[in-house]
Amino acid sequence: PCVAAMPPERLLTLIAGRRPPVLQRLARRRWLQRECLARSARSLAFTVSAVACGGKGVASSFAAGTTGGGSMLVGVATALSAPLFATVGLILWETHWQGSVFSLNLFKCSLATVLFALAVTFSVGGLGALWGALSMDVAVALCASSFLGVVIGDNTWLMSIKLLGARRVLLIDALKPFAAAVAGGLFFSETVTPAGVAAMALAVVGVLIVSLEREAGTTTGNVKSGRKVERLQGYALALITVALDVSGSVLTKRFGSGLGPWAIGGIRFGFAAVCMGVTTAACRVLASLRTPSVKEREASGGSLPCAPWYEMPTQSSRSWGRVTAGVFFVTFLSPAMSNRALFAVPLSLCLTLGSLSPIFCIPLVWLMKRERVSGRSIMGSVLAVLGVVAFCNTATWR
43 PCVAAMPPER
53 LLTLIAGRRP
63 PVLQRLARRR
73 WLQRECLARS
83 ARSLAFTVSA
93 VACGGKGVAS
103 SFAAGTTGGG
113 SMLVGVATAL
123 SAPLFATVGL
133 ILWETHWQGS
143 VFSLNLFKCS
153 LATVLFALAV
163 TFSVGGLGAL
173 WGALSMDVAV
183 ALCASSFLGV
193 VIGDNTWLMS
203 IKLLGARRVL
213 LIDALKPFAA
223 AVAGGLFFSE
233 TVTPAGVAAM
243 ALAVVGVLIV
253 SLEREAGTTT
263 GNVKSGRKVE
273 RLQGYALALI
283 TVALDVSGSV
293 LTKRFGSGLG
303 PWAIGGIRFG
313 FAAVCMGVTT
323 AACRVLASLR
333 TPSVKEREAS
343 GGSLPCAPWY
353 EMPTQSSRSW
363 GRVTAGVFFV
373 TFLSPAMSNR
383 ALFAVPLSLC
393 LTLGSLSPIF
403 CIPLVWLMKR
413 ERVSGRSIMG
423 SVLAVLGVVA
433 FCNTATWR
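In our numbering, the protein residues as written are 43 to 440.
Structure follows, in structure tokens:
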């Protein structure tokens, strides 16, 4: 307590003077804690000042580019809320899911379909407005978007991580905003200036700095990419995932303009849930008809695994509650906000803002888990914020 109440100059004097070693260690520890806190405060003040300095330019560009009374500002805020909700959900469920990735996707899509259906039912117009705006072309396009982005895209992304590791996949994912800029120019006549490309690159570099640091300690021993063929396959799958995600966003933006974000999410995740549900049913039928061989029984110790990859896991009610809360944020609120932003901002800006989940992860893990924030993460966050502010100022609003 005496050391905690001392001013910094007294602590320095105590450290430099001849005092017992225990007291010197306590004093130095307290001084280092104050220095770390002061450094974090200065970095946070710099980030806030960067956002504040760019705020006037962003607001003026919104006012000059639209007559919708700040609708573009609402679009940017909506696009930013999508990765924020996704980060909150991922922190909520984290390690509580005990089953396979396939069963998690099936649970997410099924629960999200129910939530989207309830949102459509109790929204303005209800199901009548949905049936009035829905046509066969729109339904087919949204189902194709779901098949490309959710059913196939998630699997190719997970396979690429298995072959390459998360760090290399994150490098390929950094191409997504640039691919979205090309797609926006081809399909929606959206233009990105050279200054906008530079701002986009700055934001992507900031996200990569944060992402690669967070993955550095978890992927060094699990990457199975020693063979050249496996590396090539992993890079090919990662590039295919980028193309599939951008294609799904293009289909949604081109054909879903007449529907609300709740209806779009319900159709996309409903179709994905049906596809994975049919797969699960087929696997159950095949498993019931198939008799395990003697070698399989011997390899499994006389009994077969009780939880196949397509079945839901057995876990505690607390884990189910955490996963359900996470799905509410990740698979319901986040896609709804992303669907809304697709029609309010350019495609390249929407996907750039949607890739900021690692940036939101920094303050959230500090608030929710009290994890320490490094200087490298803060530097990456500052670069990403500056890039987004500059991109908003250079984007062409339509």
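All C-beta atoms in this analysis are idealised placements derived from N, C-alpha and C, irrespective of residue type, glycine included.
It should be emphasised that the depicted structure is a prediction, and the values quoted were computed from it without experimental measurement.
The ligand GDP heavy atom lying under 7 angstroms from the CB of residue i
| i | result |
| --- | --- |
| Q275 | This structure lacks the ligand GDP; in fact it carries no ligand of any kind. |
Residue nearest to residue i in terms of C-alpha spacing, selected from the options
| i | options | result |
| --- | --- | --- |
| A383 | T120, V365 and Q140 | T120 |
| S188 | Q357, V180 and F311 | F311 |
| V284 | L274, P219 and S359 | P219 |
| R360 | T129, L126 and L134 | L134 |
| V252 | A432, L428, S419 and I306 | S419 |
| A314 | S123, L122 and S152 | S152 |
| G168 | T356, V369 and G302 | G302 |
| S177 | W139, G300 and L250 | G300 |
| T436 | Y277, A237 and G422 | A237 |
| V353 | R332, T322, R412 and S330 | According to the sequence as given, residue 353 is Glu; it is not Val. Of the listed residues, the one whose Cα sits closest to E353 is T322. |
| L115 | F402, I401, G417 and L395 | L395 |
| S165 | V292, I282 and A305 | A305 |
| R273 | T366, A243, V211 and V247 | V211 |
| S423 | L331, V224, A367 and V247 | V247 |
| A183 | V292, R72 and L391 | V292 |
| E136 | S376, K204, A367 and L393 | A367 |
| V193 | E232, N147 and L160 | N147 |
| E232 | L126, G170 and L391 | L391 |
| A186 | S376, L331 and C317 | C317 |
Assigned secondary structure, residue i (DSSP; H/G/I helix, E/B strand, else coil)
| i | result |
| --- | --- |
| V239 | helix |
| W199 | helix |
| A386 | coil |
| M421 | helix |
| R414 | coil |
| Y352 | coil |
| L398 | coil |
| R269 | coil |
| G167 | coil |
| T294 | helix |
| S359 | helix |
| G207 | coil |
| Q140 | coil |
| V234 | coil |
| G174 | helix |
| A432 | helix |
| R131 | One detail in the question is off: residue 131 reads as Gly in this sequence, not Arg. Looking at G131 - three-state DSSP - the assignment turns out to be helix. |
| P299 | First, the amino acid is wrong: residue 299 is Ser here, not Pro. S299: coil per DSSP, three-state reduction. |
| V288 | helix |
N- and C-terminal bounds of the alpha helix (DSSP H) containing residue i
| i | result |
| --- | --- |
| F370 | Where F370 is concerned, there is no enclosing alpha helix (DSSP H), given that its DSSP letter is neither H nor E. |
| M318 | P303 to L331 |
| M178 | M178 to S188 |
| L375 | Unbroken run through L375: none, as it is neither H nor E. |
| L157 | V143 to T163 |
| A225 | K218 to F230 |
Whether residue i touches residue j by CB criterion (8 angstroms)
| i | j | result |
| --- | --- | --- |
| L406 | A426 | no |
| G191 | G298 | no |
| V143 | L200 | yes |
| D287 | G141 | no |
| N197 | T294 | no |
| A128 | F385 | no |
| G207 | V369 | no |
| A222 | L389 | yes |
| G319 | T155 | no |
| G117 | A245 | no |
| F433 | A241 | yes |
| F374 | F158 | yes |
| I404 | V387 | no |
| V180 | L172 | no |
| S145 | W351 | yes |
| S123 | M379 | yes |
| V365 | W139 | yes |
| V234 | I401 | no |
| A324 | S202 | no |
| L205 | G276 | yes |
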